[in-house]
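What follows is one structure encoded as structure tokens, with my remarks underneath.
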Amino acid sequence: MHAIAVATLSLGITASLAVFAVFDSVLVRRLPLPASDQLVWLGWASPDAVTGPTPAQVATWRARMHAMSEIALYSERPVTIVEPNHAELLLAATVDGRFFTVLGGRPEVGRAISAVDDLPGSSPVAVISDELWHRRYGGDPQVIGRILHTDDGDAQIVGVMPATFSLPESGVDLWIPLFTTQPYLSGSTTARLGGAIGRLRPGRTAANAARELSDITESESTSLHHWMQGRSDLLQVTGLETFLTKDVSALLTMVLTAAGALLLVACANVASLMFVQAADREREISVRRALGAGRGRVVRQLLAESFLLAVVATAVAVACVSVMLPALRGWAAPHIPRSAEIGLHGGALGAVLVLAVTSALVVGLAPALVATARRTPARGLTAGHVFIRRTVLDPRACVVSTELGVALALLMGAAVLARSVAQVVDASAGFATYHVATADLMRPLDGYPTNKEPTRRFAEELAERMSRIPEIRADAIALLEPTQAWARGTARVTGATALDSTSVSFQVVTPDYFRVLDIPLVDGRAFDSRDGPTGEPTVMLSARVAKRLFGSVHAAGQHLAARSNPPDSTLYQSYRIVGVVGDVSPPGPSRDAIPYVYIPFAREPVPHMTVLLQTVGPTASVAAQLRHVVAALDPTQAISPLRSMDDVLAESTAAPRFYLTALGAFAAMALGLATVGVYAVTLLGWRQRARELGIRTALGATGNDLVRHVMRRDVRPILAGIALGLGAGAVGTRLLRGLVSGISVTDPLSFACSVLLLVAGAALAAYVAARGVARGDPLQSIRSE
């Protein structure tokens, strides 16, 4: 029994400790930077977008703000590393020369980018990540001074950042100077970058800075902030730690609560075993009390034994979590920021001590008190001749009800998430995914946008060569995958006022885009050779935009005015609508169709290209041929791995599936422990009532009669557990609002299935235990007396 108790308790503590290690590392601990509580993020945040200021705005803020000692500007973009016969696409953070000074981040090798490196005419430099250092250079400390060949030109490696430094976001491979590599951004009043990070002066708060920044922004000329003109309420000054974790804090709290619930179930299960053990040791306890041991002394002895169990289980849990940490970091990396910092830090180790003490009290105190309550030594020594006293509130039944209630609450959360994910997966996205694959290319920005011809020629040649590959049935090139919508702007009917404008997302496509994805044509025609660089500016609309602007999908032949966000000018450009196509809806919490305005690629060739292929052969074969085609056109051009569109759509449900896996695992373990608890309490508890069963048998009760009798007694704690679980689950599932799509967080079907599963498991456990009781020889207990 002790081995089972240790295994059960260690399972609960391991789950709780692993989750708390993540919670502590990500949400509780400070960033590993000097005075990280003084770091803030500055920018605009709306439900649709998060964006930073323009370089011109930052210059104004630096000159006029008193709450900040310094402000740094950053952005992210793909950069291609070029080597002989090889090109690789990496994520680069383009940062101004104050970035590392503001953060206080120190490289583990070499130096960081300084203000001198970001001056016009400075020699290009780069700082690389620890992961890139080990992957490409084997961790060679002599990497400092080596030349990194990129599509921006050659840059000298001057430093390597530690593995725990992942700012401004996870997955950054290298840091390069912002204005040295993109000098056209210097002083720009329209180019909005990723964001800004500031350091507060001593004694100042984010609220002070926010008020000051709002006043400054409102007084700026409209040319500096026309994108958010009049929307100072969206301007944010947020603690950097809070900004980085804003999307996961509630979810991690939910997972931590689920892990704590599993620990509670484990403790309840062990408490059940301790109840049974205390009943088995009733004669021993009575002898001790008859020899003069007081109740307090016996209780302390039983608590000491349970504390030893908890200490052993905690030691096993710490060992397990220590082994699990590398896998835990890798599993969490795509979904949780600061995942490289996950570890057993002081807070987590302190939690271990709390868990050990709490577990000992939970699993030992109640059984110890019950075992010594209202019993004289004489009653204990003659316990075989009396019935166990029935009480209004049976402690063992309360423990079983608690186990079942917690297990049901976890099952309900997992069921709601599972149904939501299934709804998203089964829902139509509005385009074909079967045998459709995609890959990304990023062309160098040289000559763009003033000279678009090289980009146009490259795309035309790429499309022509892809059409020669036998396994490719059809191909197209677009700015974005059909699930993305980050090229935003506004559109309105020509002649309408700005108040009649609607938000749209621009997509640049070649004519075969709609054929590859099987997006239906609703009105008019698709793009063709007439929509080139010299013809009339034309667009196609998604049905959602056509209905918003014209009241119906029949908008072909009409005209609209549109501009991008942030625009290069305040003027709208006029377009003639040649066709309307069906809506595209990305999977995820929001199932709203994307309001697309489609622009012909021939007119607006863009350096970022998404290749879309309708294939008839293995993806691996097509990928190899595609890489060969791209390398033949330009050996310096990197291409991302070819992925099926089904995999792309699956990524949109990655976060719900990640939390579903965690919650589902906790729910499954809790259900298993709860059913084991029902079995143990039924079988071993009724063993203490063997004399009663013997009398019933002597009076003519059959084995089936005994099974029904035992089962009736076990129905009450099961019903109480269901009631407890329904109440807890109805409240707890509200934490899943940000992950659930297509159904309510209190979905009746999910709740009903969870109840049926719990009842089936508990009833089966009780029935098997009851059959075990009935198969024994109840008369033997009478004969032995």
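Per our numbering, the very first residue in the sequence shown carries number -13; after that it's consecutive. Yeah, the Cβ is synthetic: ideal placement off N, Cα and C, and Gly gets one too.
Check	Outcome
Supposed close pair His321, Ser11 - CB separation, criterion 8 Å	So it is not a contact: roughly 14 Å between Cβ atoms.
Three-pair Cβ contact test at 8 Å for the region 149 to 169 versus the region 84 to 99	yes
Pick from Ala579, Ala254, Phe444 that is closest to Gly772, judged by C-alpha positions	Residue 772 cannot be examined here, being either before or after the span of the chain that is shown, -13 to 771.
Length of the line joining the Cα atoms of Val5 and His120	28 Å
One or two residues paired with Phe492 in a DSSP bridge	Val583
Neighbourhood of Gly433 by C-beta, 7 Å cutoff - its chain only, sequence neighbours within 5 removed	With a pLDDT of only 42 at Gly433, under 50, the local geometry of the prediction cannot be trusted, and the value read off the model is given with reservation. Excluding sequence neighbours, Gly433 sits near Pro440.
Secondary structure, beta strand (DSSP E): runs of 3+ residues fully inside the region 38 to 72	54 to 69
Option in Ala305, Ala393, Thr136 with minimal Cα separation from Ser740	Ala393
For Gln287, three-class secondary structure by DSSP	helix
Nearest to Leu(-5) (by Cα), restricted to the options Ala408, Thr344, Ile133, Gly565	Thr344
From Thr150, Leu448, Val597, residue whose alpha carbon lies closest to that of Leu465	Val597
Where the alpha helix (DSSP H) through Val144 begins and ends	Per DSSP, Val144 belongs to no alpha helix (DSSP H); it is in the beta strand (DSSP E), 139 to 146.
Classification of Asp509 by the beta-carbon crowding that lies within 10 angstroms, buried from 16 upward	buried
Bridge-paired residues (DSSP) for Ala31	Val36
Proximity below 8 Å, CB of Leu89 to CB of Leu25	yes
First and last residue of the uninterrupted beta strand (DSSP E) at Ser607	Careful: Ser607 lies outside any beta strand (DSSP E), inside the alpha helix (DSSP H) at 605 to 619.
DSSP bridge partner residues for Pro163 (one or two, in chain order)	Val81
Per-residue burial, Val570 [other beta carbons within 10 Å of its own, 16 or more giving buried]	buried
For His421, three-class secondary structure by DSSP	coil
Segment limits, beta strand (DSSP E) that includes His120	Careful: His120 lies outside any beta strand (DSSP E), inside the alpha helix (DSSP H) at 116 to 123.
Backbone CA spacing between Ser209 and Thr203 [nearest angstrom]	The predicted position of Ser209 is uncertain, since its pLDDT is 42 and thus under 50; a value taken from the coordinates is nonetheless stated next. Going from the Cα of Ser209 to the Cα of Thr203 covers about 11 Å.
Local Cβ density within 10 Å of Val8, reported as buried at 16 or more and exposed below that	buried
Pairwise C-alpha distance: Ala112 and Pro127	15 Å
Rounded distance between the beta-carbons of Asp504 and Ala418, thought under 8 Å	4 Å
One or two residues paired with Asp509 in a DSSP bridge	Val566
Stretch pair the region 133 to 146 + the region 193 to 203: three plus CB contacts closer than 8 Å	no
Burial state of Val309, where buried means 16 or more other Cβ atoms lie within 10 Å	exposed
Cα-Cα separation, Leu742 to Gln470	40 Å
Which of helix, strand or coil DSSP assigns to Asp104	helix
Backbone CA spacing between Arg451 and Ile463 [nearest angstrom]	13 Å
Supposed close pair Thr480, Leu546 - CB separation, criterion 8 Å	6 Å
Cα-Cα separation, Arg376 to Cys384	Summary for Arg376: the model assigns pLDDT 46, below 50, so the residue's position carries little reliability; its value from the coordinates is reported in the next sentence. If you take the alpha carbons of Arg376 and Cys384, they lie about 14 Å apart.
Where Asn255 falls, given that 16 or more other Cβ within 10 Å makes a residue buried	buried
Close Cβ partners of Tyr582 (< 6 Å) along its chain, the five nearest in sequence each way excluded	Ser491, Gln493, Ser528
Strand pairing of His321, partner residues [DSSP]	Its beta-bridge partners do not exist; DSSP assigns none.
Cβ-Cβ distance between Arg562 and Pro523 below 8 Å	yes
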